[in-house]
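Undergrad: Below is the structure I would like to discuss, written out as structure tokens.
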Amino acid sequence: MEERIERTMEALRANRMKPYYAENSAAACDIVRELVKGDKLITSGGSMTLNECGVIDMLKKEFGGAYLDRSSGRNREEVEEIMRKAFVSDTFLASTNALTENGELYNVDGNGNRVSAMIFGPKQVIVVTGVNKIVKDLEEAEKRVEQTAAPMNTVRLEKNTPCAKTGVCGHCHSEDRICCSYVTLAQQRVPDRIKVIIVGEKLGY
Ligand code: SF4
């Protein structure tokens with residue numbers, strides 16, 4: 640695993656993204672804390688990983704003045720307003736559906752707010768990912784979404800889709816489909832705008 644992480648970090652560097660390694664969730668929080676210091680506006684996409692590793696709690700507690708929390712008691716209109724504000728934020732945080740050993744971030748979105756903010760807008764993007772999301776290549780990344788990430792998310796979100804029942808993608812045309820925009824982030828134009836923190840734990844799905 641260590642070799643695999645090193646190889647992935649090297650590939651991220653080659654793609655002009657800045658990799659970090661955090662042994663555990665607490666260390667990941669320390670890195671995020673340093674990176675967002677002095678920010679006036681911090682936003683995030685929906686993410687089990689950010690919740691599980693304690694980053695969201697840390698931001699709420701320590702950066703309450705700057706962090707726009709989209710989770711607590713907001714109606715749909717307010718949430719969408721926060722999604723738009725992400726484009727002018729200093730930092731946008733998210734996780735990724737998969738991170739390839741070639742240094743690519745692969746994500747499939749329903750609303751598209753996460754992938755679009757990752758591509759353009761926020762001054763910096765911090766991606767936090769558990770080691771469980773490292774895959775060999777884009778083919779494995781697609782498989783990971785179809786067989787793990789999307790089915791688990793549809794169950795969590797109580798969506799009426801084939802994958803919520805069977806645990807694998809049924810390539811549906813359901814009203815509830817959460818797979819709408821398929822995005823691969825590869826070599827970046829702005830060096831180090833995207834930071835990727837790999838945490839030595841299993842986080843999210
Ligand atoms: S396309 Fe439909 S069935 Fe396939 S993973 Fe997405 S929501 Fe599930």
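Sequential numbering of the sequence shown, starting at 640, is according to our numbering.
Built from N, CA and C at the ideal position, the CB exists for glycine as well.
Predicted model only: the values in this text are computed from it and were never measured.
For the ligand SF4, which residues count as neighbours when the test is a C-beta closer than 6 angstroms to any heavy atom?
TA: Glu785, Ala789, Thr793, Thr800, Pro801, Cys802, Cys808, Gly809, His810, Cys811, Ser813, Arg816, Ile817, Cys818
Undergrad: Given 8 angstroms as the limit, is there contact between the region 720-737 and the region 761-770, that is, 3 or more CB pairs closer than that?
TA: yes
Undergrad: When the Cα atoms are used, what is the spatial distance from lysine 676 to glutamine 827?
TA: As a working mapping, residue 676 is identified with position 37 in the sequence shown. As a working mapping, residue 827 is identified with position 188 in the sequence shown. Lysine 676 and glutamine 827 have their C-alpha atoms spaced approximately 24 angstroms apart.
Undergrad: Could you tell me whether the Cβ atoms of glutamate 840 and serine 664 are closer together than 8 angstroms?
TA: Translated into the one-based positions of the sequence shown, residue 840 becomes position 201. Translated into the one-based positions of the sequence shown, residue 664 becomes position 25. The Cβ-Cβ distance between glutamate 840 and serine 664 falls below 8 angstroms.
Undergrad: Can you list, in chain order, the residues of its chain with a C-beta nearer than 7 angstroms to that of proline 629? Leave out the 5 residues immediately preceding and following it.
TA: Here the chain comprises residues numbered 640 to 844, so residue 629 is not present and cannot be evaluated.
Undergrad: Taking only three categories from DSSP, how would you classify tyrosine 830?
TA: For the purposes of this step, residue 830 is taken as residue 191 along the sequence shown, with counting starting at 1. Reading off the sequence, residue 830 comes out as proline, not tyrosine. Coil at proline 830, not helix or strand.
Undergrad: Would you list, in sequence order, the uninterrupted alpha helix (DSSP H) runs of no fewer than 4 residues that lie entirely inside the region 753-790?
TA: For the region 753-790, the full-length alpha helix (DSSP H) segments reaching 4 residues or more read 777-783 along the chain.
Undergrad: Rounding to the nearest angstrom, what Cα-Cα distance links valine 794 and alanine 803 in this structure?
TA: Translated into the one-based positions of the sequence shown, residue 794 becomes position 155. Translated into the one-based positions of the sequence shown, residue 803 becomes position 164. Distance between the alpha carbons of valine 794 and alanine 803 is about 5 angstroms.
Undergrad: Identify every residue that forms a DSSP beta bridge with serine 683.
TA: Against the sequence shown, residue 683 aligns to sequence position 44. Per DSSP, Leu732.
Undergrad: Excluding five sequence neighbours on each side, which residues of the same chain lie with their C-beta closer than 7 angstroms to the C-beta of glutamate 691?
TA: Taking the first residue of the sequence shown as position 1, residue 691 is located at position 52. Correct list, in chain order: Leu842, Gly843.
Undergrad: Mark alanine 789 as exposed unless 16 or more other C-beta atoms lie within 10 angstroms of its C-beta, in which case mark it buried.
TA: Start at 1 with the first residue of the sequence shown, and residue 789 comes out as number 150. Classification of alanine 789: buried, given that the 10 Å Cβ count is 16 or more.
Undergrad: Do you know how far the Cα of asparagine 714 is from the Cα of arginine 646?
TA: Walking along the sequence shown from the start, residue 646 turns up at place 7. Walking along the sequence shown from the start, residue 714 turns up at place 75. Going from the Cα of arginine 646 to the Cα of asparagine 714 covers about 43 angstroms.
Undergrad: Pick out whichever of Gly685, Phe702, Met648 has its Cα sitting closest to the Cα of leucine 674.
TA: What you label residue 674 is simply residue 35 of the sequence shown in a count that begins at 1. For leucine 674, the nearest C-alpha among the options comes from Phe702.
Undergrad: Just checking my contact of alanine 733 with methionine 757 at CB under 8 angstroms: how many whole Å lie between their CB atoms?
TA: Your numbering for residue 733 matches position 94 in the sequence shown. Your numbering for residue 757 matches position 118 in the sequence shown. That pair is a contact at about 6 angstroms.
Undergrad: Going by Cα to Cα distance, which pick from Ala725, Gly693, Asn736 is closest to lysine 782?
TA: Working through the sequence shown from its first residue, we reach residue 782 at position 143. Ranking Ala725, Gly693, Asn736 by Cα distance to lysine 782 puts Asn736 first.
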